[in-house]
Amino acid sequence: MKALESLKSANREEERLLEQIEPKRLPAHIAIIMDGNGRWAQRRHLPRVAGHRAGVKAAREIIEACARMKITALTLYAFSMENWRRPKTEVDFLMRLLREYLRKELPIIHKNNIRLLVIGRPDQLPDAVSRDIERAEQTTARNTGMKLVVALNYGARAELVDAFNRIVDRIRHNGLSSYQVDEQTVSDHLYTAGLPDPDLVIRTSGEMRVSNFLLWQIAYAEIYVTETLWPDFNRARLLEALIEYQKRERRYGGLSAGGAAESADKEEVEELAASASRHRARG
Ligand code: FPP
Numbered sequence: 304m305k306a307l308e309s310l311k312s313a314n315r316e317e318e319r320l321l322e323q324i325e326p327k328r329l330p331a332h333i334a335i336i337m338d339g340n341g342r343w344a345q346r347r348h349l350p351r352v353a354g355h356r357a358g359v360k361a362a363r364e365i366i367e368a369c370a371r372m373k374i375t376a377l378t379l380y381a382f383s384m385e386n387w388r389r390p391k392t393e394v395d396f397l398m399r400l401l402r403e404y405l406r407k408e409l410p411i412i413h414k415n416n417i418r419l420l421v422i423g424r425p426d427q428l429p430d431a432v433s434r435d436i437e438r439a440e441q442t443t444a445r446n447t448g449m450k451l452v453v454a455l456n457y458g459a460r461a462e463l464v465d466a467f468n469r470i471v472d473r474i475r476h477n478g479l480s481s482y483q484v485d486e487q488t489v490s491d492h493l494y495t496a497g498l499p500d501p502d503l504v505i506r507t508s509g510e511m512r513v514s515n516f517l518l519w520q521i522a523y524a525e526i527y528v529t530e531t532l533w534p535d536f537n538r539a540r541l542l543e544a545l546i547e548y549q550k551r552e553r554r555y556g557g558l559s560a561g562g563a564a565e566s567a568d569k570e571e572v573e574e575l576a577a578s579a580s581r582h583r584a585r586g
């Protein structure tokens, strides 16, 4: 309960939503595709960059709310490898905004015991951005609270390629000719090694795509798409996403305990499992 009480400075709408949330079933890892900054600005006849500024404000509110709820990890998709195709002025602005964010927010992040991690290919980032990231990661390295993971120059396929190359390197250097790669090996070589897989992926602004985001890690995640544009995504919208998440039944490809018990097919399932195991024993 404590996790939610810290949000009790909530307004009426948030309080009504909070009552519908079970604190014990919060997701450990929330990953967000923040989309719609440009459209938000366009609707207000503002330049796109004004949407990105408003997006930073929304990010700040969501980071704080997740930290207060003691979410283990929050991953924000801030800049994809595909985003380099945007006009140079917009890319430059986003890089400046990110540096400004890191500089301004680092003391607050640190004070709140949040650990900042950046995932993606750092080599193509401007030196100044890389330096700021390194400083932020080092400063917060020993913090034990929420992990704030910022995906920057990130692409999930590139992450998998990097993981496979690192595995191949290890095999070469350790002279392991019959090294067995399993799912855990792949997970351990991703940028997200050591983090729990996301339980919930939120995408704002209505697009039904995963956009090369954490493809391996979201295998069993619940996906929540909202029409709300990112700059309008606030605490109340986050709570709505959590309510929806808790309504869903996560079965990981199996049958739910209740569903299977009620079902007349339960014995059939058991019989099938028993026959499969007899078959395995024979063959
Ligand atoms: C999508 O809007 C957003 C981005 C390209 C990422 C930039 C995100 C921020 C500035 C939020 C702040 C994040 C942190 C971690 C400080 P879009 O431009 O794709 O919108 P559109 O689809 O409406 O054009």
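Be aware that the sequence shown starts at 304, since it is given in my numbering, and climbs by one per residue.
Glycine included, every Cβ here is placed at the ideal spot set by N, Cα and C.
Remember, it's a predicted structure, so these values are computed and weren't measured experimentally.
What is the C-beta distance between residue i and residue j, in whole angstroms, given that I count them as a contact (C-beta under 8 Å)?
i	j	result
G423	A454	6 Å
I505	I335	5 Å
L532	P330	At roughly 22 Å, the Cβ-Cβ gap does not stay under 8 Å, so L532 and P330 are not in contact.
E325	Q549	6 Å
N340	G358	4 Å
A439	L405	5 Å
L545	E317	Contact flag wrong, Cβ pair sits at about 12 Å.
Assign residue i to buried or exposed, taking buried as 16 or more other Cβ atoms, counted over all protein chains shown, within 10 Å of its Cβ.
i	result
V432	buried
E447	Sequence check: residue 447 is Thr here, not Glu. When all chains shown are included, T447 counts as exposed.
D472	exposed
P501	buried
S566	Residue confidence for S566 is low, a pLDDT of 41 falling below 50, so the modelled location carries little weight; the figure read from the coordinates is stated next. Exposed.
H355	buried
F516	buried
D338	buried
E408	buried
R418	buried
L428	buried
Should residue i and residue j be called a contact, given that it needs their Cβ atoms to be closer than 9 Å?
i	j	result
L401	D435	yes
S514	S383	yes
H492	I470	yes
K450	L518	no
I333	L377	yes
E393	R351	yes
A361	D535	yes
L310	R389	no
Y482	E462	no
L320	A539	yes
Looking at the unbroken beta strand (DSSP E) that takes in residue i, where does it start and where does it end?
i	result
H332	332-336
V452	450-457
S490	Careful: S490 lies outside any beta strand (DSSP E), inside the alpha helix (DSSP H) at 486-491.
I374	Where I374 is concerned, there is no enclosing beta strand (DSSP E), given that its DSSP letter is neither H nor E.
E525	525-528
Over the uninterrupted alpha helix (DSSP H) stretch that includes residue i, give me the two end residues.
i	result
A505	Note on identity: in this sequence residue 505 is Ile, with Ala being the wrong assignment. Run containing I505: none in the alpha helix (DSSP H); it sits in the beta strand (DSSP E), 503-506.
K550	538-550
R319	315-321
Q345	340-346
Ignoring anything shorter than 4 residues or poking outside the stretch 406-452, list the alpha helix (DSSP H) runs there in chain order. 430-443
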